[in-house]
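Data first, discussion second: the structure below is written as structure tokens.
In the numbering used here, the protein residues as written are 25 to 300.
Spelled out as structure tokens, the structure:
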């Protein structure tokens with residue numbers, strides 16, 4: 025593996041109520057062409073936020089919840105996400121559910137696909153940034169990351185926060201290409217709800233999932249938190265995804281393949297990036 029670090033540039037904007045940063049390594053990162061490409065993905069993320077954010081009164085999700093439109097009258101992207109939410113509901117035995125109790129309607133529910141939208145949108149723009157041949161990418165959205173690395177370049181390092189002490193890293197992982205997502209009471213987005221009881225899921229402080237897709241890493245992390253004490257056993261049955269779980273007492277447990285991701289700090293070829 026090469027020990028040289030390619031030129032690097034970063035862009036950061038506040039979107040969806042969180043910092044979103046794009047880190048690129050490779051030739052021409054200071055060019056106008058690259059900057060325009062990155063600006064385009066920020067524009068796309070803002071459009072997604074305007075369409076999906078239930079807190080925006082004029083978003084299509086807000087209009088759905090007010091009964092002004094139904095899914096057939098929504099933008100195709102809404103219907104795509106709705107289909108993915110149904111798939112996520114099935115794959116998680118119902119522990120991922122976009123239908124949440126509505127505090128403003130006694131006994132009622134509101135539709136909020138936010139738990140899937142971020143991963144879907146960020147993974148999609150990461151795939152578009154892959155058009156920049158010869159560049160490594162670290163795309164960080166509120167601590168969840170998508171990573172790609174050109175063969176021969178140093179891999180990325182991803183720090184996993186301690187939910188009790190956010191300035192402390194529990195583990196540092198070495199990842200060339202893939203995604204990492206974290207869910208839990210201390211993470212951005214607030215508490216996860218157990219869809220079967222309607223109560224906040226508090227048996228696990230946090231769940232971090234690593235795998236090939238940010239969409240599914242995020243979904244699986246949320247579903248594991250919602251499952252509570254049984255979350256780790258369920259995660260162990262997933263193919264291609266590994267997880268680190270912090271329980272209510274602060275104890276750490278991992279799936280069988282997690283240790284393969286843990287960084288050997290003595291390796292001089294590994295390069296530090298954002299923390300998750």
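Beta carbons: idealized from backbone N, C-alpha and C, even for Gly.
Fair warning: this is a prediction, and the values are worked out from it, not measured in the lab.
Query	Result
Let me check one thing: in DSSP terms, what residues is residue 232 bridge-paired to?	206, 268
By the three-class DSSP mapping on this structure, what secondary structure does residue 143 have?	helix
Indicate the three-state DSSP secondary structure (helix, strand or coil) for residue 197 in the structure shown.	strand
According to the neighbour-count rule (16 or more other Cβ atoms, all chains shown, within 10 Å of its Cβ), is residue 100 buried or exposed?	exposed
Going straight from the alpha carbon of residue 61 to that of residue 153, what length do you get?	7 Å
Name, in chain order, the residues that DSSP records as bridge partners for residue 160.	49
Taking its Cβ as the centre, do 16 or more other Cβ atoms sit within 10 Å of residue 219, making it buried, or is it exposed?	buried
For a test of the three-state rule: what should DSSP assign to residue 75, helix, strand or coil?	helix
Examine the Cβ distances between the region 215-229 and the region 81-96 and report whether three or more of them are shorter than 8 Å.	no
What are the boundary residues of the alpha helix (DSSP H) that includes residue 278?	Note, residue 278: premise wrong, no alpha helix (DSSP H); beta strand (DSSP E) at 276-278.
Apart from the five residues on each side of it in sequence, which residues of its chain come closer than 6 Å, Cβ to Cβ, to residue 296?	Residue placement at residue 296 is poorly supported in this model, since its pLDDT is 42, which falls under 50; the coordinates still yield a value, given next. Answer for residue 296: 181, listed in chain order.
Using a threshold of 8 Å, state whether the C-beta atoms of residue 230 and residue 187 are closer than that.	yes
Excluding five sequence neighbours on each side, which residues of the same chain lie with their C-beta closer than 6 Å to the C-beta of residue 49?	30, 32, 160
Work out the CA separation of residue 166 and residue 52 for me, nearest whole Å.	27 Å
Establish whether the CB of residue 238 and some CB of chain B are separated by less than 8 Å.	Protein chain content of the structure displayed is limited to a single chain, and chain B is not contained in it.
Tell me which residues share the same chain as residue 279 and place their Cβ nearer than 6 Å to its Cβ, disregarding the 5 neighbours each side in the sequence.	259, 260, 266, 267
Alpha helix (DSSP H) containing residue 240: first to last residue?	238-251
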